[in-house]
Amino acid sequence: MSRDKRRVLFHRSWTKFNGGTSGGQLKVRDAFEHIKHSASFFPEVYFGPETIWFDNPGNFWLPYRDQGLAEWKINETDIIFFAGKDWKIFTPEFAHNLPVPVINIAQPRHTRPDDIRHSYLHYPAIRIAKSSLGKQILDDFGVNGPVYLIPDAIDFDLLPTPLSHPSNDILIVGLKNEGMARQLYDRLQSRNRWRWNKWKIKVQVPPKLPTREDFLNLVNDSKIVLFLPLDAERGAEGFYLPALEAMVMQKMVICPYAVGNIDFCLPGKTCLQPEYNVEALYQAALTALKMSEGRRQQFIKAGTEIAQNHSLPQERSAILSLLAQTDDIWADNTLFSRP
149 MSRDKRRVLF HRSWTKFNGG TSGGQLKVRD AFEHIKHSAS FFPEVYFGPE TIWFDNPGNF
209 WLPYRDQGLA EWKINETDII FFAGKDWKIF TPEFAHNLPV PVINIAQPRH TRPDDIRHSY
269 LHYPAIRIAK SSLGKQILDD FGVNGPVYLI PDAIDFDLLP TPLSHPSNDI LIVGLKNEGM
329 ARQLYDRLQS RNRWRWNKWK IKVQVPPKLP TREDFLNLVN DSKIVLFLPL DAERGAEGFY
389 LPALEAMVMQ KMVICPYAVG NIDFCLPGKT CLQPEYNVEA LYQAALTALK MSEGRRQQFI
449 KAGTEIAQNH SLPQERSAIL SLLAQTDDIW ADNTLFSRP
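Numbering (this note's numbering), first residue to last: 149 to 487.
Here it is, written out as structure tokens:
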């Protein structure tokens with residue numbers, strides 16, 4: 149690695165079979181890759197000793213397994229890049245007195261007192277929020293340090309080409325709300341039998357499919373996709389990438405409000421956005437299933453247009469720009485509370 153580049157140090161770990169497969173892991177991995185394009189910085193990653201490597205092709209970090217550092221050691225010129233529970237590698241005392249700058253992806257649900265990451269927001273860090281409302285929630289909470297908005301982005305090249313004739317009339321994505329997904333599926337199937345609609349209905353509930361490609365192909369093979377994200381009562385979403393990916397694949401999207409999706413899930417324009425309850429979601433599904441092709445195409449056009457604001461080059465530029473400003477931000481003691 150070139151000596152004239154400055155290291156950005158990452159920390160990752162998981163203990164479950166599906167570890168490394170979440171949207172959060174994907175976006176940290178994307179940040180890692182963005183930094184590889186920098187003329188001034190280079191990334192390195194340390195995998196905590198608790199990490200369990202399963203033979204799971206969906207793990208976004210599996211290709212980097214042999215690149216992991218042998219030990220966690222901070223150099224005085226480093227910048228640390230944290231997300232999720234990465235802070236646990238520090239004692240609270242050390243985290244309050246960090247010798248190097250930290251960039252930290254934070255989610256609005258971290259402000260909830262029952263969230264294990266709640267206390268981390270009191271540590272000094274330069275924070276990244278994924279949505280305008282997420283930034284506002286973090287600012288209003290009073291995190292220790294400034295918050296910058298860098299929305300999530302999509303690698304358009306990895307998405308399958310939209311199918312002109314999908315097999316499924318509607319897909320219910322219920323990985324985060326299995327009970328409600330099954331209720332909706334049962335009600336729609338009952339309506340199917342009663343009215344002889346012959347709709348082809350699919351439901352996705354845990355466990356996850358082996359890879360993200362499998363999930364994207366399932367979405368692509370569906371005309372309408374009804375998403376059940378984390379609702380506000382359960383902490384809400386930081387962004388919610390799957391709904392935006394579905395828009396790119398030219399799907400009619402149904403997605404209730406989930407905080408982080410506020411900037412692209414626009415009710416009546418890019419998606420249907422019913423209240424987050426079985427009855428409202430069921431009625432929205434019927435509306436979508438009965439919608440005229442012309443009206444459906446209006447939603448699809450608006451969705452594909454708004455998705456153009458979320459390309460990987462845009463995200464890369466924003467992250468590298470923030471890195472370039474890190475020293476100046478970190479040196480501004482008016483932005484942080486330090487012992």
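Virtual Cβ for every residue (Gly too), placed ideally from N, Cα, C. Everything numeric in this text was worked out from a predicted model, so none of it was measured.
Exposure of residue i, with buried meaning 16 or more beta-carbon neighbours within 10 Å
i      : result
TRP162 : buried
SER370 : buried
ARG382 : exposed
PRO390 : buried
SER120 : What the structure shows of the chain is the stretch from 149 to 487, and residue 120 is not part of that stretch, so it cannot be assessed.
THR418 : buried
GLN456 : exposed
LYS438 : exposed
LYS164 : exposed
ALA179 : buried
VAL473 : Correcting the residue identity first, residue 473 is Gln in this sequence and not Val. The residue is exposed, with fewer than 16 neighbouring Cβ atoms inside 10 Å.
MET149 : Here MET149 scores only 49 on pLDDT, less than 50, and its place in the model should not be relied on; the value that follows carries that caveat. Exposed, because fewer than 16 other Cβ atoms sit within 10 Å of the Cβ of MET149.
GLN352 : buried
ASP317 : buried
ARG257 : buried
GLY290 : exposed
PRO197 : exposed
GLN421 : buried
Residue from the options whose Cα sits closest to the Cα of residue i
i      : options                        : result
LEU460 : ARG160, GLU181, ASP234         : GLU181
VAL321 : ASN365, ILE183, ASP288, ARG341 : ASN365
ARG160 : LEU210, ASN204, ASP203         : LEU210
GLY416 : PRO404, LEU319, LYS236, VAL250 : PRO404
SER312 : ILE372, ILE402, GLY172, PHE242 : ILE372
LEU392 : PRO191, LYS449, PHE289         : LYS449
ASP480 : LYS236, PHE229, ALA273, GLU224 : ALA273
SER465 : HIS185, LYS175, GLY172, GLN173 : HIS185
LEU174 : ARG339, GLY282, LEU336, GLU361 : GLU361
GLU219 : ILE285, ALA231, PHE158, GLY171 : PHE158
ASP203 : PRO358, ALA329, ARG341, CYS413 : PRO358
VAL426 : ALA243, THR482, LEU336, CYS413 : LEU336
GLY206 : PRO197, GLY171, PRO191         : GLY171
GLY282 : PRO191, ASP411, PHE363         : ASP411
LEU323 : PRO191, LEU374, ARG444         : LEU374
CYS413 : PHE387, GLU241, TYR430, ALA432 : PHE387
ALA428 : LEU269, MET328, GLN446, ARG444 : MET328
Proximal residues to residue i (C-beta, below 7 Å), its chain only, five neighbours per side dropped
i      : result
GLY216 : VAL193, TYR194, PHE195
GLN462 : ALA301
GLU385 : PRO377, LEU378, ALA406, VAL407, GLY408, ASN409
THR452 : MET395, VAL396, GLN398
TYR333 : ILE320, ILE349, VAL351
GLU326 : VAL353, PRO354
PHE484 : PRO272, ASN292, GLY293
ASP288 : none
ALA380 : VAL407
Three-state secondary structure assigned by DSSP to residue i
i      : result
LEU414 : coil
GLU192 : strand
PHE363 : helix
HIS159 : strand
VAL426 : helix
PHE230 : strand
MET439 : coil
LYS153 : coil
LEU420 : strand
TYR388 : coil
MET400 : strand
ASN340 : helix
LEU378 : coil
Spatial neighbours of residue i in its chain, beta-carbon cut-off 8 Å, leaving aside the 5 residues before and after
i      : result
ARG213 : PHE195, TRP201
PHE189 : LYS153, ARG154, ARG155, VAL156, ILE183, ILE227, LEU468, LEU471
Straight-line gap, residue i to residue j (C-alpha atoms, nearest Å)
i      : j      : result
ARG265 : LYS233 : 6 Å
LYS348 : SER315 : 7 Å
LYS221 : ARG177 : 20 Å
ASP305 : THR169 : 19 Å
ARG260 : ASN345 : 44 Å
GLN331 : TYR271 : 42 Å
ASN252 : VAL295 : 9 Å
ILE402 : THR239 : 43 Å
ARG486 : PRO249 : 13 Å
ASP475 : ASN292 : 16 Å
ILE454 : LYS350 : 27 Å
LEU434 : ILE477 : 51 Å
ALA231 : ALA254 : 7 Å
THR225 : LEU246 : 12 Å
ALA243 : TRP235 : 8 Å
TRP342 : ALA432 : 18 Å
Cβ-based neighbour list, residue i, same chain, cut-off 6 Å, excluding 5 preceding and 5 following
i      : result
ASN166 : LYS356
GLU441 : none
PRO310 : MET397, GLN398
ASN368 : PRO308, LEU311, MET397
Any non-hydrogen atom of the ligand NAD within 8 Å of residue i CB
i      : result
LYS449 : You won't find the ligand NAD in this model; it holds no ligand whatsoever.
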